[in-house]
Amino acid sequence: MPSMDLTLWARDLAGSLLAAPLPRRWAHSQGVAAKAQSLAGILGDDAELLWAAAMLHDIGYAPSLATTGFHPLDGARYLRDHSAADERLVRLVANHSCALLEAEERGMREELEAEFPILDHAELVDALVYCDMTTTPDGTPTMVDARLAEILTRYDRDSAVGRFIRRADEDLHAAVHRVEARLILTEG
Numbered sequence: 207m208p209s210m211d212l213t214l215w216a217r218d219l220a221g222s223l224l225a226a227p228l229p230r231r232w233a234h235s236q237g238v239a240a241k242a243q244s245l246a247g248i249l250g251d252d253a254e255l256l257w258a259a260a261m262l263h264d265i266g267y268a269p270s271l272a273t274t275g276f277h278p279l280d281g282a283r284y285l286r287d288h289s290a291a292d293e294r295l296v297r298l299v300a301n302h303s304c305a306l307l308e309a310e311e312r313g314m315r316e317e318l319e320a321e322f323p324i325l326d327h328a329e330l331v332d333a334l335v336y337c338d339m340t341t342t343p344d345g346t347p348t349m350v351d352a353r354l355a356e357i358l359t360r361y362d363r364d365s366a367v368g369r370f371i372r373r374a375d376e377d378l379h380a381a382v383h384r385v386e387a388r389l390i391l392t393e394g
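So this note's numbering is basically just the index in the sequence shown, starting at one, shifted up by 206.
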């Protein structure tokens with residue numbers, strides 16, 4: 207990765223890939239990163255890593271990167287192959303928001319697991335789920351129930367994404383609730 211500050215690098219890279227072709231996705235990524243900033247108090251030294259992962263989590267949607275049609279894998283491959291990004295950052299992007307379950311729906315689970323094993327840091331993995339699942343496509347804060355319902359309005363119920371969201375519902379809710387519990391503990 208370039209020697210510049212991680213957050214500046216992540217913002218510049220995500221903006222260069224998403225802002226023009228996918229402005230709504232860019233707004234979402236900025237909102238997810240803003241939510242990540244709000245978790246700095248519970249993440250300590252990993253706050254900057256989470257912020258970068260939040261900013262970069264959807265770069266695989268960029269038309270210039272979308273080769274498999276599965277954005278976590280496309281984004282992670284780009285980060286690994288073209289940016290020399292930190293392995294933890296790449297693995298967070300690859301596995302964000304229960305991506306293994308969606309990969310399974312697409313017949314790509316083994317491929318994703320082999321290339322990018324899920325990070326062995328549950329608090330950080332949960333934090334990225336929380337940031338993504340409590341941010342609308344336009345980048346504004348929302349509740350996890352509303353976010354999941356919104357996703358299901360955009361995708362056919364029987365599509366890979368529709369099936370994935372229904373399968374992952376419990377896991378996504380649990381991750382969000384674990385982060386909310388940590389936030390309450392640190393505020394009290």
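Glycine is no exception: its CB is placed at the ideal position from the N, C-alpha and C atoms.
Remember, predicted model here, so these are calculated numbers, not experimental data.
**Best match in Val-331, Asp-280, Gly-275 for proximity to Arg-294 [C-alpha to C-alpha]** = Val-331
**Asked** Do you know offhand how far Ala-381's Cα is from Arg-373's?
**Response** The C-alpha of Arg-373 is placed about 14 Å away from the C-alpha of Ala-381.
**Asked** Between the stretch 273-282 and the stretch 296-306, do at least 3 Cβ pairs fall closer than 8 Å?
**Response** yes
**Request:** Just the C-alpha distance for Phe-322 and Glu-393, rounded to the nearest angstrom, thanks.
**Result:** If I take the Cα positions, the gap works out to 34 Å.
**Prompt:** Rounded C-beta distance between His-362 and Gly-368? I'm assuming under 8 Å.
**Reply:** Looking at the sequence shown, residue 362 is not His but Asp. Between Gly-368 and Asp-362 the Cβ distance is about 5 Å, and since that is below 8 Å, they are a contact.
**Item:** Own chain, CB closer than 6 Å to Pro-343, minus 5 neighbours either side, in chain order
**Value:** Cβ neighbours of Pro-343 beyond the five flanking positions: Arg-230, His-234.
**Asked** For Leu-223, is the classification buried or exposed, using 16 other Cβ atoms within 10 angstroms of its Cβ as the cut-off for buried?
**Response** buried
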